[in-house]
Every structure is written in structure tokens, then in C-alpha cells.
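Q:
Residue numbers (the UniProt record's numbering): 1 to 152.
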């Protein structure tokens, strides 16, 4: 018997057992840990500006007048004329809240959009021998005078 040429020979390889088949691995997506935040807010434009003001006494002071202590009515009475003089009736209509009084220092809260006008009106005004000095200005109350001055 003649054998066919080698080019006609076919060889088959046995199939590997089913347990040795290479299965494609599934990629599991790793989830980043979610922080337990109930609610998060970023305040970009606070609606209030806080000012730390100091009343400058007359230049001819005596020892009795250097210990000036303001009350809320006197502070409001001395804060309104600079605004009226600088802005007229519009200045008188600017709302401000007196937050704290300590000696000659006053902490007030004004609307953010009016803060520049209030600072300009107060810093440029000289009344009956008294004037206002702006010691601090900020969007956050703790940054204006420091927390130890406000709450200590």
C-alpha cells in the first residue's frame, strides 16, 4: 500500500479538558469610598459684609473723654450722618445691624452690595470733632475682628 504524500496528512490535536480553558477575566470597577456627607454647601456670595469700626474722639481730649463707651442708640446716631452726607436719602436707607459694642469699637453688619459705599461714607466723614475709622472688613464675622474679640 502506498502512503499518501505528507502534504495530504492532517493531524488533529486533542481538545484540552474544559477545566483548563482560559476564561477571560472580568474587570471589576473599583468604587471610590463615598464620604458620609449629609449635605454640602459652598457659599460663594455671602449676602452680608461685617465691619469693625472705631470711633475717634476729638483731638482735644481730656482724660475723662478718652474712656468713651458707646451704647446702641449713640452708635446708630453717629453712624447715620456720614451715610446721609455721602449718599443723601439713599445712604439713610442702607440697613445696618449693630452686632457688638465694646468701648469705642463697634461691629456692624451691612448688605454686601452696600459695603463699599458705607466704608467710603464713614471713612471720609468728620463730625463734631469725632470721626470713624474702619479697622476691619470681611465677608465672615470671625475674620473681621478675630473670634477672641467677638466671643471671648
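The beta-carbon is built from N, C-alpha and C at its ideal position, and this holds for glycine as well. Nothing here was measured: the structure is a model prediction, and the numbers come from that model.
Would you check if the distance between the CB atom of residue 101 and the CB atom of residue 72 is smaller than 8 angstroms?
A: Against a cut-off of 8 angstroms, the Cβ pair of residue 72 and residue 101 comes out as a contact.
Q: Mind reading off the beta-carbon distance from residue 86 to residue 120? Whole number of angstroms is fine, and I expect it under 8 angstroms.
A: Confirmed, Cβ separation roughly 6 angstroms.
Q: Can you tell me whether residue 126 is buried or exposed? The criterion is at least 16 other CB atoms within 10 Å of its CB, across all chains shown.
A: Looking at its Cβ environment, which holds fewer than 16 other Cβ atoms inside 10 Å, residue 126 is exposed.
Q: Within a Cβ cutoff of 6 angstroms, which residues of the same chain sit near residue 96, ignoring the five residues on either side of it in sequence?
A: Result list for residue 96: 108, 110, in chain order.
Q: For residue 100, which residues does DSSP report across the bridge?
A: In the DSSP output, where bridge partners are listed per residue, residue 100 has 107.
Q: What residues in its chain sit with their C-beta under 8 angstroms from that of residue 94, if we drop five residues either side in the sequence?
A: Cβ within range, chain order: 83, 87, 110, 111, 114, 117, 118.
Q: From the DSSP output, in three-state form, read off residue 126 for me.
A: Correct three-state label for residue 126: strand.
Q: Applying the 10 Å Cβ sphere with the 16-neighbour rule, what's the burial state of residue 27?
A: Classification for residue 27: exposed.
Q: What are the residues that DSSP puts in a beta bridge with residue 112?
A: According to DSSP, residue 112 bridges with nothing at all.
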